[in-house]
Amino acid sequence: MNSIRKRRLIWMVILGFSTAIAVFLILMALRQNINLYFTPTQISQNRLDEAKMGRRIRIGGMVEKGSLVRGKALQLEFVVTDFSHRLTIQYSGILPDLFKEGQGVVASGRLVGKDLFLADEILAKHDENYMPPGIKP
Amino acid sequence: MIPELGHFALILALCLAGLQCVLPCAGIFKKNQAWMQTARSLVLGQCFFITLSFLCLGYAFVQDDFSVAYVAQSSNASLPWIYKISGIWSGHEGSLLLWVFLLSVWMLAVSLDSRRLPLIFSTRVLVVLGMIAFGFLLFLWATSNPFARFLPLSPIDGRDLNPILQDPGLIFHPPVLYMGYVGFSVPFAFAVSALWGARTEELPWAKWMRSWVLAAFGFLTIGIALGSWWAYYELGWGGWWFWDPVENASFMPWIVGIALIHSLMVSDKRGIFQSWTILLSIIAFALSLLGTFLVRSGILTSVHAFANDPKRGVFLLGFLLLVIGGALALYAVRAGLLPPRGARGRNDDAKIELFSRETAILVSTVFLLVGCATVLLGTLFPLIYDAFTGQKLSVGFPYFNAVFIPLIIPVLVLIPLGPLSKWGHNACRDILKKIKIEFIVSLVLAMLLPWIFAKTVSMGVVLGLGLGIWIGLGTFKSAFDKIRQKGFWGLSKGAWGMISAHGGMAILVIGVTLVSYYHVERDLRIKPHQVLEIADYQILFQSIEPIEGSNYIGSRGYFLVSKQGKQVADLRPEKRTFVAQGIKMTETAIDPGMFRDIYISLGDPLGGGSWSVRIYYKPFVRWIWAGGLLIALGSFLGAWGRRK
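Note that the protein sequences, when read in sequence, are chains A and B. Under my numbering, residues 1196 to 1332 are what the first sequence spells out, in order. Under my numbering, residues 822 to 1465 are what the second sequence spells out, in order.
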């Protein structure tokens, strides 16, 4: 093996190694920041092993009509449904403009009980025909 | 009648685009000059008919012709006329027509400017652009005709424009952003043309491409800045960047655009990095197309997604694969033929040493591209994961901050070093000697300033602020050096462009850092006559009253902002409910300032006279957009300068 080839080989190895490390680190960062998405039915069907109590996940569904209850300060509570199962969501803060009873919503946060979800972010879509994924009327 | 005329003009433009792909192209292979020259007239004709078609759609909007399905869907008789105009690009069909219209504008500009290029090269460029135009016109005509009628039961009034889009910022955001997106088709066409002729000729294509890249980048920058500014005051929660998939779609071509501009400069001045530049221009356009695909196909749901039709996504994806796959295949075959021409001609083997401007640029472009790749991964990961496992997920913004920011830090460090180092080679010691003082000063200031003004210092602030000051001082230093050498009036527009763009970057970095670390956000429940404090300011909620607008009803809050007993501003945020669609909208009230914004938006009535209210203190937030504007100004100056 002549010297140019050898040098090239060394460079290739270094490059390969550093790429592998970079990809590994990026994938780790990705793993820690993905939020899996569930429907109330998936939650109730004991898929909690996946949802892992306490891990940050997302819940999508329709806000049940008449379920919004406000508490002290900015506390509030409502129920999301996918028309076969229901899940109570607690949130403290200001709801987005497009939040409406009877329409789709996606909440991010943590499951704290079998049917209680503590949300730290509520998203409502800008299109009133929007349906959260996996929900069929 | 008018919409049919528009539709007809669209079909004629499609035919002309088809001809433009074939006729001049045949001329190139047959070496027939007359055939090649048809390209220019074909472009002119195409531009005429697309403009006509665009005007027809505009006419249908202004005249409230609700028998046209698209108009009925996104306009309403009670809309102010300016929003009727912006309604043209508020939905899928119209924004695609805007895309094609802007492409024809760029094409016309290239053809008018093409007299300074050799005929064969300009013909190739116009043929490539013609192919892109043909693809998009076909797409428009086959899957998304904006002139489709809604007969015989056409509605009496339209569904109204989504109120969130009824805003001055949104009139300009889409066209300017698209101008940038579409503009990257021109460097792409130049790159493909250079590859096309790589076997037989050696042309200074890098010099010709320069202005086009800079112009497109300038538009893209303004478009992104406008979008960010709009999101800040209109969405009502005070964020200026969300790492939303669609934002990423515009951010990725922007990042690659920066890499392209700098690599192109090396190709132009030193004759090296030619295949790298070509690859970057292909990637930049690929990402623009990908952005269009992601937004229009609706596979990503986000603020920007429209209601969709899967046929469209498949068509766009096929087109994307064809255009980019074709260009990359050509690149694979031909890139090796591009000669590395040194500054003094072919035989100068253009050696570069470790400490040189070339290395600084090469390293930055690699980091930029890798940074862009991580954003792409984060954006597409939910799609990939869903395709393989059927499980839906989203990638949270901490991923982007954790991965993208560390990757971009080396680039920021290098920004002032580039202009201060020399082409070819430079002793490490010389550079260090030049910027020693700047380095120390920025480090000291970065620690001192937050300590004096905010009483709290953290690693992130020191790093971000230090980088911002470092870029600012370094840019000032290189500007000062250049002025001392050539005199104030002796500096080229390109040099002023660099100073403006790098200075803008300094301001942007400082703004981003300070607003991220020192903003104060308070969401609370408040009654009239209550006072609350936020960062030295006292805010009195005076009252709330009902209001009525031309197409909405709502409430307006009255707030008095004062500092140390002196009144600073009175702010009147509103909550509106739009009658036609029953949609609620928050109108924020902002007291803007060079060093801080006070931002108030109304939430909901909570009963008993109290309201939920967001009150934010946003230091240095305006610096973000000011920096963006300076960067855009710099690229326009560069585009304007040195055209031979």
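Ideal Cβ positions, reconstructed from N, Cα and C, are used throughout, including at glycine. As the structure is a prediction and not an experimental result, all values here were calculated from the model.
Between which two residues does the alpha helix (DSSP H) carrying B:SER1088 extend?
Boundaries of the alpha helix (DSSP H) around B:SER1088: 1066–1091.
Are the beta-carbon atoms of B:VAL1278 and B:LEU1183 separated by less than 9 angstroms?
No, Cβ-Cβ distance for B:VAL1278 and B:LEU1183 is not below 9 angstroms.
Does DSSP put B:LYS784 in a helix, in a strand, or in coil?
For chain B, the structure presents residues 822 to 1465; residue 784 of chain B sits outside this window and is missing.
Let me know if B:CYS1249 comes out buried or exposed under the rule of 16 or more other beta-carbons within 10 Å of its beta-carbon.
The residue in question, B:CYS1249, is exposed, as its Cβ has fewer than 16 Cβ neighbours within 10 Å.
Do you know whose CA, among B:PRO976, B:ALA1052, B:LEU1423 and B:ALA860, lies nearest B:TRP1432's CA?
It is B:LEU1423 whose Cα lies nearest to the Cα of B:TRP1432.
Which term fits B:GLY1259, buried or exposed, when burial requires 16 or more other beta carbons within 10 angstroms of its beta carbon?
Correcting the residue identity first, residue 1259 of chain B is Glu in this sequence and not Gly. B:GLU1259 counts as buried, since at least 16 other C-beta atoms from the protein chains shown sit within 10 angstroms of its C-beta.
Nearest-angstrom Cα separation, counted from B:ASP1391 out to B:PHE1106
The straight-line gap from Cα to Cα measures roughly 46 angstroms.
Decide if B:THR1021 is buried, meaning its Cβ has at least 16 other Cβ atoms within 10 Å, or exposed.
Flag for B:THR1021 reads exposed.
Just verifying my parser: in three-state terms, what is the DSSP assignment at B:ALA1164?
Note that B:ALA1164 scores a pLDDT of 46, beneath 50, so its modelled location is shaky; the value from the coordinates is reported in the next line. It is coil, neither helix nor strand.
Would you kindly report the start and end of the unbroken alpha helix (DSSP H) that includes B:ASP1302?
Unbroken alpha helix (DSSP H) run through B:ASP1302: 1280–1307.
In the DSSP output, what is A:THR1283 paired with across the bridge?
DSSP output for A:THR1283 lists A:VAL1274 and A:LEU1311 as bridge partner(s).
Going by the beta-carbon positions, is the gap between A:ALA1319 and A:PRO1291 smaller than 9 angstroms?
For A:ALA1319 and A:PRO1291, yes; Cβs fall inside 9 angstroms.
Name, please, each residue of chain B whose Cβ falls closer than 9 angstroms to the Cβ of A:ILE1229.
Under the 9 angstroms cutoff, chain B gives PHE1202, PRO1203, TYR1206, LEU1214, SER1215, VAL1216, GLY1217 and TYR1220.
My assumption, with CB atoms under 8 angstroms, is that B:LEU924 sits in contact with B:VAL1003. Please give the rounded CB distance.
By a beta-carbon distance limit of 8 angstroms, B:LEU924 contacts B:VAL1003. Their separation comes to about 5 angstroms.
Where does the unbroken beta strand (DSSP E) through A:GLY1255 begin, and where does it stop?
1251–1258 is the extent of the beta strand (DSSP E) around A:GLY1255.
Going by the beta-carbon positions, is the gap between B:GLY1048 and B:HIS994 smaller than 9 angstroms?
Yes; because the gap between Cβ atoms is below 9 angstroms, this pair is in contact.
Classify B:ASP1357 as helix, strand or coil using the three-state DSSP reduction.
Residue state, collapsed to three classes: coil.
Would you kindly report the start and end of the unbroken alpha helix (DSSP H) that includes B:PHE1040?
Note, B:PHE1040: alpha helix (DSSP H), 1026–1055.
Along the region 1273–1292 of chain A, where does the CB come closer than 7 angstroms to a CB of chain B? Name the residues.
Against chain B - using a Cβ distance shorter than 7 angstroms - the residues of the region 1273–1292 of chain A are GLY1288, ILE1289, LEU1290 and ASP1292.
Please state if the CB of B:VAL864 and the CB of B:LEU947 are separated by a distance shorter than 9 angstroms.
Yes. Within cutoff.
Where B:GLY1459 falls: helix, strand or coil (DSSP):
Note: B:GLY1459 maps to helix in three-state DSSP.
Count the CB pairs spanning the region 900–912 of chain B and the region 855–862 of chain B that are closer than 8 angstroms, and state whether there are at least three.
Result no; under three Cβ-Cβ pairs closer than 8 angstroms.
Determine, using beta-carbon pairs with one atom in the region 1289–1297 of chain B and one in the region 1232–1239 of chain B, whether at least three such pairs fall under 8 angstroms.
The region 1289–1297 of chain B vs the region 1232–1239 of chain B: in contact.
State buried or exposed for B:GLN987, treating a residue as buried only when at least 16 other CB atoms are found within 10 Å of its CB.
Of the residues assessed, B:GLN987 falls on the buried side of the cut-off, its CB having 16 or more other CB atoms within 10 angstroms.
Establish whether the CB of B:ARG1435 and some CB of chain A are separated by less than 9 angstroms.
Yes, B:ARG1435 counts as interfacial toward chain A.
Given a limit of 7 angstroms on CB to CB distance, which residues of the region 1249–1275 of chain A reach chain B?
Under the 7 angstroms Cβ criterion, the region 1249–1275 of chain A contributes ARG1253, ARG1265, ALA1268 and LEU1269.
Do we get a CB-CB distance below 9 angstroms when we pair B:ARG1377 with the residues of chain A?
Answer no: the Cβ-Cβ gap between B:ARG1377 and chain A never drops below 9 angstroms.
Identify the continuous alpha helix (DSSP H) that holds B:ILE1182 and give its terminal residues.
According to the DSSP assignment, B:ILE1182 belongs to the alpha helix (DSSP H) that extends over 1178–1210.
Chain B partners of A:ILE1221, CB-CB under 8 angstroms?
By Cβ distance, chain B contributes THR1195, LEU1198 and VAL1224.
Residues of chain A with a CB under 8 angstroms from the CB of B:LEU1345: which are they?
Near B:LEU1345 (Cβ distances below 8 angstroms), the residues of chain A are ALA1268 and LEU1269.
Would you say A:ALA1217 reaches chain B, if we count a Cβ-Cβ gap shorter than 9 angstroms as a contact?
It does; some Cβ of chain B falls within 9 angstroms.
Pull up the CB-CB distance for B:ALA969 and B:TYR891, whole angstroms please, since I reckon it's below 8 angstroms.
Correct: roughly 7 angstroms between the Cβ atoms.
On the DSSP bridge list, what partners appear for B:TYR1373?
In the DSSP assignment, the residues bridged to B:TYR1373 are B:PHE1399.
Any beta carbon from chain A within less than 9 angstroms of B:GLY1281's own beta carbon?
With 9 angstroms as the cut-off, B:GLY1281 does not count as an interface residue toward chain A.
Taking only the alpha-carbon atoms, compute the straight-line gap between B:LEU873 and B:GLY1039 and give it to the nearest angstrom.
Inter-residue distance for B:LEU873 and B:GLY1039 is about 27 angstroms (C-alpha atoms, whole angstroms).
Between B:TRP1026 and B:PHE1009, which are expected to be in contact by the criterion C-beta below 8 angstroms, what is the C-beta distance as a whole number of angstroms?
B:TRP1026 to B:PHE1009, Cβ: 12 angstroms. No contact.
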